[in-house]
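Numbering (the working numbering), first residue to last: 97 to 351.
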Amino acid sequence: MKLATWNVNSLKVRLQQVTDWLELNQPDVLCLQETKLQDQNFPIDAITSIGYQAVYIGQKTYNGVALLSKQTGNDVVTAIPKLEDIQKRVIAATYADVRVICVYIPNGSEVGSEKYQYKLNWLAALQQWLQIELIKYPKLALLGDFNIAPEDRDVYDPETWQGKILCSQAERDAFNSMIEMGFVDSFRLFNEQKKIYTWWDYRMMAFRRNRGLRIDHILLSEKLSQSCVECTIDRDMRKHERPSDHAPVVVELSD
DNA sequence: ATGGTAGAGGATCTA
C-alpha cells in the first residue's frame, strides 16, 4: 500500500498537477491539505475521471482537506471529536485495515500569539484523539502538514529559527509526545541526513537556495512502521511551474 | 526589524 500527503495550497490552481501526479505515482491514498475550496466546488469529476475517489471537507479561502483514494474509504470522520473548531483541518477514513488520518495542523503565526495558543490547543486535542484511535486501529497512519520541524536538522538555519514558530519547544514537545505514544517518523526510518525539506517559502528564492523546513510528515503506528519499506519526498514537484510551496511525501508499505 | 511571494477575493488575511 502506498500512502502520500501533499499540501497543495489551492486545489483549484494545482488540480492538473495533482491528477498528473496521481496518474504517475498511483498511490492508494493521497492526503491533501489547503484545498481552499467549498465542498460544492470540489473538482470531483477530474478526480473520478482518472479512477480515484474523494472525500473532502472544505471552506472558503482557507484550510480544507481531502482524501483521494483508489478504494472507497470507510468510517469517514471530518473533525477531531470533542474539539470545537470551525476550521476544516482533519479528515480520516479506513482503507482495508489501515486507518488514515489527514491533518492540516495550524501554522500558529507567531510564538505567543492567539493563533499559537490555538495551535497548541489543537495539538492537545489531536493527541487525546490519537490515543483512542490507536486502540481502535493498530494500523494507523497520520499524514499531513504538521507545521512543526521536529529537530534542528529539519531546518535550514536552526539558529535563526531557534524558538520561532514551527520550531518552538512547545511545538516540538507536542510532536515528541506523538512519538512517545508509539508513532514513528517514517522518513527517519531511512534517512538521517540534514538539509532534507518538504516546504520552502515562495519568497527570497528560498527553494533555489534550499532554505526549507521539513514540516510535512507521515507518522506510522508501531504496527504499520514494521511494514514500511520506503519514505520519499518528491522534491521535484517544487521545481514545477506554479508550484505549491510544499512537496509531496510518500510511504510504501509492504503487504 | 523589515521585506520579499502566492492564493483568495476584491481590502486585507493567511502562510
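Positions of the beta carbon are idealized from the N, C-alpha and C atoms, including for glycine.
Item, Value
"Per DSSP, what kind of secondary structure is E326 in: helix, strand or coil?", "strand"
"Which residue wins for smallest C-alpha separation from R310, given the options S282, S321, E337 and Q322?", "S282"
"Find out if the Cβ-Cβ distance for the pair A162, T131 is shorter than 7 Å.", "yes"
"According to DSSP, what are the bridge partners of E348?", "K98 and E326"
"So for W282, helix, strand or coil by DSSP?", "Residue identity differs from the one stated: residue 282 is Ser in this sequence, not Trp. Of the three classes helix, strand and coil, the one that applies to S282 here is helix, per DSSP."
"Does M189 come out as helix, strand or coil in the three-state DSSP assignment?", "It should be pointed out that residue 189 corresponds to Ala in this sequence rather than to Met. Residue state, collapsed to three classes: strand."
"Taking the C-alpha atoms as reference points, what is the distance between V186 and L179?", "11 Å"
"Near P254, which residues of its chain fall below 8 Å by C-beta distance, leaving aside the five closest residues on each side in sequence?", "D248 and C263"
"What are the boundary residues of the alpha helix (DSSP H) that includes Q149?", "Where Q149 is concerned, there is no enclosing alpha helix (DSSP H), although the beta strand (DSSP E) it sits in stretches over Q149 to I153."
"Just list the residues that DSSP pairs C263 with in beta bridges.", "Answer is none; C263 lacks a bridge partner."
"Please identify the residue among N137, N243, L236 and Q122 whose C-alpha is closest to the C-alpha of N203.", "N243"
"Quick check on this structure: which residue in K291, L238, M300 and G259 has the alpha carbon closest to the alpha carbon of F279?", "L238"
"What is the C-beta distance between P344 and T101, in whole angstroms, given that I count them as a contact (C-beta under 8 Å)?", "7 Å"
"Could you give the first and the last residue of the continuous beta strand (DSSP E) run that contains N306?", "That residue, N306, is in no beta strand (DSSP E); it is neither H nor E in DSSP."
"Between the C-alpha atoms of L107 and S317, what's the straight-line distance to the nearest angstrom?", "29 Å"
"Please classify P123 as buried or exposed, where buried requires at least 16 other C-beta atoms within 10 Å of its C-beta.", "buried"
"Look at the Cβ atom of L219, then the Cβ atom of L164, and state whether they are nearer than 7 Å.", "no"
"What number of angstroms, rounded off, separates the C-alpha of L349 from the C-alpha of Q322?", "9 Å"
"Exposed or buried, G240, counting other C-beta atoms within 10 Å across all chains shown (16 or more means buried)?", "buried"
"Going by DSSP, name the residue or residues bridged to L126.", "A100 and L164"
"Per DSSP, which residues does G240 bridge with? Please list them.", "V199 and H313"
"Output the distance between the C-alpha atoms of L320 and Q223, rounded to the nearest integer angstrom.", "18 Å"
"Leaving out the 5 sequence neighbours to the left and right, which residues in its chain are closer than 8 Å to K232 when beta-carbon positions are compared?", "R195"
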